[in-house]
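Scroll down for the structure; my scribbles are underneath it.
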Amino acid sequence: MEQLITPYGGELVNLLVSSTRALELKRDAFHLPSLDLNWRQQCDLELLLNGGYAPLTGYLGQADYLSVLHSMRLADGRAWALPVVLQIHETLARSLKLGEPLALRDPEGFMLAVVMVNEIWQADIELEAEQLGRAADAPPKWYVGGAVEGLSLPLRHDFMALRLTPAELRAGFTRLGWRNVIAYPARTQLQRAQYEFILRAAVQNEANLLIHPMAGGDPVESADYFALVRSYQAVIGRFPSATSQLALSPVYVRDGGVRDTLARAIIQRNYGCSHLIVGGEHDAHGQHRRGTDIVQHEDYQRVADHITEIGVGLIPFPRMVYVEERAQFMPLEELPKGARALTLTGAEIQRRLQAGVNIPDWYTFPEVLAEMRRSYPPRDRQGFTVFFTGLSGAGKSTIARALGTRLMEMGGRSVTLLDGDIVRRHLSAELGFSREHRNINVLRIGYVASEITKNRGIAICAPIAPYRNTRRDVRAMIEPLGGFLEVFVATPIETCELRDRKGLYAKARAGLIKEFTGVSDPYEVPERPELSIDTTDLSVDEAVQRILLKLEHEGYLR
Ligand SMILES: Nc1ncnc2c1ncn2[C@@H]1O[C@H](COP(=O)(O)OS(=O)(=O)O)[C@@H](OP(=O)(O)O)[C@H]1O
Ligand SMILES: Nc1ncnc2c1ncn2[C@@H]1O[C@H](COP(=O)(O)OP(=O)(O)O)[C@@H](O)[C@H]1O
């Protein structure tokens with residue numbers, strides 16, 4: 001009888017040790033040098049520990065590393081695409097001793113594994129640049145190779161029931177009598193085009209389906225991630241339940257190049273899959289990456305032997321179009337003559353979501369659309385930051401307070417005022433007005449505003465924020481999370497000085513306050529603020545009105 005595909009290299013690997021050994025390692029670890037792993041490193045470790053990287057039983061040594069880079073093979077000749085190496089910093093590299101263990105911990109310090117240091121060497125930066133497309137001018141890097149003993153898989157608290165190991169999935173497949181299994185390692189929402197192609201592939205190959213979204217990143221870093229997985233949970237019910245399985249894979253999203261595809265094929269084989277769907281996700285430009293283009297690329301011709309050896313059938317995702325008269329998706333190549341084909345790019349979908357415009361039923365399922373709408377709400381439900389900057393006495397606080405009041409009156413979103421004075425009292429009490437301290441102060445404000453924006457509130461900030469670079473950093477922090485409106489309160493210093501509400505300009509002129517902005521410390525005028533407001537001839541209400549109009553025009557207010 002035909003069986004489930006065997007793991008790559010024969011045996012499934014499980015590097016988790018017994019509880020007795022784990023206790024022993026933990027006790028010794030007290031004296032061990034240790035390394036905190038980032039998310040990407042934790043993903044690699046998880047795949048080592050759970051056998052996703054079988055037959056590897058540890059991090060590659062230098063001979064394997066060079067061999068993988070040169071020929072996509074381990075030193076013993078087996079096809080292997082990615083250098084699974086453990087990078088360490090120079091100080092650690094210089095202090096480690098060969099033959100001694102190094103403890104690996106998560107960012108919170110929880111001990112996950114121990115690597116027996118067998119080799120320490122310096123990366124071949126040029127070769128990595130040539131083979132992996134990394135920066136050719138990267139600083140020196142050190143690697144450690146050696147066998148790994150695992151105490152625990154990296155701790156994850158998101159969707160725990162879906163995080164199944166190769167052994168768990170294989171056991172399930174075997175119990176159900178599955179033999180051919182097609183993996184769909186998703187990284188974007190599953191739309192009808194993907195759904196119909198995946199089902200077709202299953203029928204054509206008489207195979208079962210493992211819907212395996214790549215969930216290797218830090219979940220808290222990306223709000224989209226939760227919506228993505230929830231939409232898969234909602235849509236999995238559309239697949240025949242006896243023949244399909246949903247699980248999350250700890251694979252980290254990489255570039256999708258040849259090496260990446262080969263590595264995924266190996267990993268999916270270890271997870272019990274005989275076939276792998278290549279492509280089908282949206283790329284950065286919102287187009288479907290067509291697996292057919294990828295697999296026909298000349299790079300693939302060079303690795304034909306590798307693909308055969310890995311033994312996983314690659315199923316390229318074609319360009320799927322919707323044929324209205326048949327109410328069905330089909331590959332573009334199969335489109336009947338004269339038939340009208342519909343497509344929508346991912347970029348167009350994003351635009352429609354943002355504008356709150358209709359997305360046609362043929363494109364997506366209602367349950368997926370609901371999650372997408374929740375994840376990418378239209379602008380009038382996104383958060384935003386209004387960031388005032390300008391000299392002391394320019395009118396920032398006055399306008400900010402008036403704007404806050406108007407926005408609260410409108411309702412709908414929470415409004416938080418981060419005025420210079422308030423922040424300096426509560427968040428930055430220890431800071432003065434040196435360049436360094438001002439930067440820390442303004443970045444703190446930016447950070448708080450970014451959290452508020454991320455959580456769909458309104459942050460109104462009103463520091464002097466005199467330096468261009470700092471303002472640029474704040475913008476970069478907030479823009480990916482929602483709206484950002486820089487308002488330059490351009491009241492000239494003469495007017496501010498005439499107002500001199502707190503008598504600070506007089507003191508500054510008399511030399512009693514050092515480093516006073518505009519007098520004895522620079523104010524770098526914003527180059528491209530969204531708005532510039534000179535309050536000399538503009539009332540507070542007029543200023544607020546201009547900001548509200550701008551927000552409305554950008555779609556943040558309805
Ligand atoms: N040396 C010096 N330079 C500028 N401002 C000074 C200084 N010393 C004290 N103050 C008072 O502190 C307020 C500015 O604080 P900020 O936090 O907005 O400044 S900064 O963004 O960190 O540069 C500012 O308040 P506003 O008038 O509300 O802007 C001043 O009252
Ligand atoms: N059109 C205007 N807009 C804002 N403030 C004005 C205006 N006209 C006069 N002012 C006065 O200018 C001063 C500005 O102070 P403030 O708002 O604390 O400035 P900043 O926060 O920029 O230091 C206030 O006393 C305010 O009443």
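Under UniProt numbering, think of the first position of the sequence shown as 1, with each following residue one higher.
Using N, Cα and C, we set each Cβ at its ideal position, and we do this for glycine too.
Computed from a prediction, not measured in an experiment: that's the story for all the values here.
Check your understanding: Just the Cα atoms here: how many angstroms apart are residue 559 and residue 402?
Key -> Since the first and last residues shown for the chain are 1 and 558, residue 559 lies out of range.
**Study point:** Cβ-based burial, residue 26 [other Cβ within 10 Å; buried from 16]
**Key:** Here the question's residue 26 lines up with position 26 in the sequence shown. When all chains shown are included, residue 26 counts as exposed.
Review point. What's the call for residue 166, buried or exposed, on a 16-neighbour Cβ count within 10 Å?
Key: Here residue 166 is taken as the residue at index 166 of the sequence shown, counted from 1. Buried.
Practice item. State the Cα-Cα distance for the pair residue 518 and residue 467, rounded to the nearest angstrom. Key: As a working mapping, residue 518 is identified with position 518 in the sequence shown. As a working mapping, residue 467 is identified with position 467 in the sequence shown. Residue 518 and residue 467: Cα-Cα distance of roughly 12 Å.
Check your understanding: How about residue 415 and residue 457: do their beta carbons lie closer than 9 Å?
Key -> For the purposes of this step, residue 415 is taken as the residue at position 415 of the sequence shown. For the purposes of this step, residue 457 is taken as the residue at position 457 of the sequence shown. Yes; because the gap between Cβ atoms is below 9 Å, this pair is in contact.
Check your understanding: Taking just the CA atoms, how far does residue 353 sit from residue 372?
Key -> Translated into the one-based positions of the sequence shown, residue 372 becomes position 372. Translated into the one-based positions of the sequence shown, residue 353 becomes position 353. Looking at the two C-alpha atoms, the distance is approximately 8 Å.
Check your understanding: For ligand 2, which residues count as neighbours when the test is a C-beta closer than 7 Å to any heavy atom?
Key -> Matched residues: 390, 391, 392, 393, 394, 395, 396, 397, 398, 399, 420, 462, 489, 499, 501, 535, 538, 539, 540, 543.
Review point. For residue 58, does the three-state DSSP call read helix, strand or coil?
Key: Numbered from 1 along the sequence shown, position 58 holds the residue referred to as residue 58. Judged by DSSP in its simplified three-state form, residue 58 adopts strand.
Point to revise | Rounded distance between the beta-carbons of residue 212 and residue 247, thought under 8 Å | key: The residue given as residue 247 occupies position 247 in the sequence shown. The residue given as residue 212 occupies position 212 in the sequence shown. At roughly 6 Å, the Cβ-Cβ gap stays under 8 Å, so residue 247 and residue 212 are in contact.
Review point. Quick one, are the C-beta atoms of residue 476 and residue 445 less than 9 Å apart?
Key: Numbered from 1 along the sequence shown, position 476 holds the residue referred to as residue 476. Numbered from 1 along the sequence shown, position 445 holds the residue referred to as residue 445. In this structure, residue 476 lies away from residue 445, with their beta-carbon atoms at least 9 Å apart.
Point to revise | Endpoints, the alpha helix (DSSP H) within which residue 428 is located | key: Here residue 428 corresponds to residue number 428 of the sequence shown, with the count starting at 1. Looking at the DSSP string, residue 428 is not in any alpha helix (DSSP H), and its letter there is neither H nor E.
**Study point:** Exposure of residue 306, with buried meaning 16 or more beta-carbon neighbours within 10 Å
**Key:** Mapped onto the sequence shown, residue 306 falls at position 306. When all chains shown are included, residue 306 counts as buried.
Check your understanding: Near residue 100, what residues of its chain come up, given a Cβ to Cβ distance below 7 Å and the 5 sequence neighbours on each side ignored?
Key -> For the purposes of this step, residue 100 is identified with residue 100 of the sequence shown, where counting begins at 1. Taken in chain order, the residues that qualify are 117.
Exercise for review: Could you pull out every residue in the same chain whose Cβ sits closer than 6 Å to the Cβ of residue 254, ignoring the five residues on either side in sequence?
Suggested key: As a first step, residue 254 must be located in the sequence shown, where it is residue number 254. Cβ within range, chain order: 260.
**Study point:** Extent of the continuous beta strand (DSSP E) to which residue 328 belongs
**Key:** By 1-based counting over the sequence shown, the position of residue 328 is 328. Start and end: 328-331.
Practice item. Could you pull the start and end residues of the alpha helix (DSSP H) that residue 137 belongs to? Key: Position 137 of the sequence shown, counted from the first residue, corresponds to residue 137. Element bounds for residue 137: n/a, residue is neither H nor E.
Check your understanding: Among 129, 80, 49, which residue has its Cα nearest to the Cα of residue 154?
Key -> By 1-based counting over the sequence shown, the position of residue 154 is 154. Out of 129, 80, 49, the CA that lies nearest to the CA of residue 154 is found in 49.
Check your understanding: For residue 182, which three-state DSSP category applies?
Key -> For the purposes of this step, residue 182 is taken as residue 182 along the sequence shown, with counting starting at 1. Strand.
**Study point:** Euclidean distance between Cα positions of residue 249 and residue 202
**Key:** Walking along the sequence shown from the start, residue 249 turns up at place 249. Walking along the sequence shown from the start, residue 202 turns up at place 202. The straight-line gap from Cα to Cα measures roughly 20 Å.
Check your understanding: Leaving out five residues before and five after residue 169 in sequence, what residues of the same chain have Cβ atoms less than 8 Å from its Cβ?
Key -> One-based indexing of the sequence shown puts residue 169 at position 169. Excluding sequence neighbours, residue 169 sits near 210, 245, 247, 271, 272.
**Study point:** Boundaries of the alpha helix (DSSP H) in which residue 446 is found, first to last residue
**Key:** In the sequence shown, residue 446 corresponds to position 446, counting from 1. Residue 446: member of the alpha helix (DSSP H) spanning 435-454, first to last residue.
Review point. Leaving out five residues before and five after residue 284 in sequence, what residues of the same chain have Cβ atoms less than 8 Å from its Cβ?
Key: Against the sequence shown, residue 284 aligns to sequence position 284. Since pLDDT at residue 284 reaches only 46, below the 50 mark, its modelled position is unreliable, and the value read off the structure follows with that caveat. Answer for residue 284: no residue qualifies.
Check your understanding: Taking contact to mean at least 3 C-beta pairs separated by less than 8 Å, is the region 129-142 in contact with the region 48-64?
Key -> No, because fewer than three Cβ pairs between the region 129-142 and the region 48-64 fall closer than 8 Å, the two stretches do not touch.
Exercise for review: Take the Cβ of residue 299 as the centre, count every other Cβ of all protein chains shown within 10 Å, and call the residue buried at 16 or more, exposed below.
Suggested key: Sequence index remark: in the sequence shown, residue 299 carries index 299 (1-based). Its Cβ having fewer than 16 others within 10 Å, residue 299 is exposed.
Exercise for review: Indicate the three-state DSSP secondary structure (helix, strand or coil) for residue 245 in the structure shown.
Suggested key: As a working note, residue 245 is residue 245 in the sequence shown. Residue state, collapsed to three classes: strand.
Point to revise | Secondary structure, beta strand (DSSP E): runs of 3+ residues fully inside the region 67-149 | key: Listed in chain order, they are 86-88, 101-105, 111-116, 119-122.
Exercise for review: Could you tell me if residue 279 is buried or exposed, where buried requires 16 or more neighbouring beta carbons within 10 angstroms of its beta carbon?
Suggested key: Within the sequence shown, the letter at position 279 stands for residue 279. Buried, since its Cβ has 16 or more Cβ neighbours within 10 Å.
Check your understanding: Taking the Cβ atom as the reference point for each residue, do residue 33 and residue 95 lie within a distance shorter than 9 Å?
Key -> The residue labelled residue 33 in the question sits at position 33 within the sequence shown. The residue labelled residue 95 in the question sits at position 95 within the sequence shown. In contact: residue 33 and residue 95 (Cβ atoms closer than 9 Å).
Check your understanding: Apart from the five residues just before and just after residue 297, which ones in its own chain have a Cβ nearer than 6 Å to its Cβ?
Key -> Position 297 of the sequence shown holds residue 297. Once the five neighbours on either side are set aside, residue 297 has no close Cβ partner at all.
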